[in-house]
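Q:
The following block contains the structure:
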């Protein structure tokens with residue numbers, strides 16, 4: 079079975095909306111399997127996203143930057159969906175990708191390219 083990275087580098091168009099649905103399905107299954115830890119993780123996630131010195135949108139930009147640099151495609155798709163719901167635009171997202179490139183170097187170029195493709199698919 080080819081990996082997502084293999085598919086992207088071979089020019090195949092990934093179906094980001096279907097991928098996002100699969101991510102949510104896997105997350106629901108994990109919640110059922112390990113409910114208490116996942117409940118705690120959900121509470122942590124909600125708490126850290128509360129507006130403070132940074133807005134929720136700014137915090138999501140931090141999260142997407144980490145996801146891109148770490149190469150977590152599922153995290154990228156999830157946080158892109160959240161950012162789009164928060165009103166983020168492609169130009170803002172592209173600037174975050176630029177910072178990712180600066181911090182992560184060459185390997186992040188590939189991750190950032192995939193992330194931009196996911197943004198475009200989920201925005202469509």
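Residue numbers (my numbering): 79 to 202. Every residue, glycine too, gets a C-beta built ideally from N, C-alpha and C. What you are looking at is a predicted structure, and each value in this text was computed from that prediction instead of being measured.
Distance check for residue 187 and residue 201, CA to CA, integer angstroms please.
A: Here residue 201 refers to the residue found at position 123 when the chain shown is read from its first residue. Here residue 187 refers to the residue found at position 109 when the chain shown is read from its first residue. Spanning the two alpha carbons is a distance of roughly 21 angstroms.
Q: With distance defined between alpha-carbon atoms, name the residue in 119, 138, 148, 96 nearest to residue 127.
A: Taking the first residue of the chain shown as 1, we reach residue 127 at position 49. When only C-alpha atoms are compared, the closest one is 138.
Q: Take the Cβ of residue 171 as the centre, count every other Cβ of all protein chains shown within 10 Å, and call the residue buried at 16 or more, exposed below.
A: In the chain shown, residue 171 corresponds to position 93, counting from 1. Buried: at least 16 other Cβ atoms inside 10 Å.
Q: If I measure Cβ to Cβ from residue 134 and keep anything under 6 angstroms in the same chain, skipping five residues before and after, which residues do I get?
A: Within the chain shown, residue 134 is the residue found at index 56, counting from 1. So the qualifying residues of the chain are 127.
Q: Which class does residue 149 belong to by DSSP, given the choice of helix, strand or coil?
A: In the chain shown, the residue the question calls residue 149 occupies position 71. Residue state, collapsed to three classes: coil.
Q: Taking the continuous alpha helix (DSSP H) assigned at residue 117, which residues delimit it?
A: Position 39 of the chain shown, counting from 1, holds the residue named residue 117. Counting along the chain, the alpha helix (DSSP H) containing residue 117 begins and ends at 113-126.
Q: Could you pull out every residue in the same chain whose Cβ sits closer than 7 angstroms to the Cβ of residue 130, ignoring the five residues on either side in sequence?
A: To locate residue 130, count along the chain shown from 1; it is residue 52. None.
Q: For residue 174, is the classification buried or exposed, using 16 other Cβ atoms within 10 angstroms of its Cβ as the cut-off for buried?
A: Here residue 174 refers to the residue found at position 96 when the chain shown is read from its first residue. By the 10 Å Cβ count, residue 174 comes out buried.
Q: So residue 191 is in the alpha helix (DSSP H); what residue range does that whole segment cover?
A: Taking the first residue of the chain shown as 1, we reach residue 191 at position 113. Start and end: 184-201.
Q: Quick check on residue 179: does DSSP put it in helix, strand or coil?
A: If you number the chain shown from 1, residue 179 lands on position 101. Looking at residue 179 - three-state DSSP - the assignment turns out to be helix.
Q: Could you check the C-alpha separation between residue 194 and residue 119 for me, to the nearest Å?
A: To locate residue 194, count along the chain shown from 1; it is residue 116. To locate residue 119, count along the chain shown from 1; it is residue 41. Between residue 194 and residue 119, the C-alpha separation is close to 27 angstroms.
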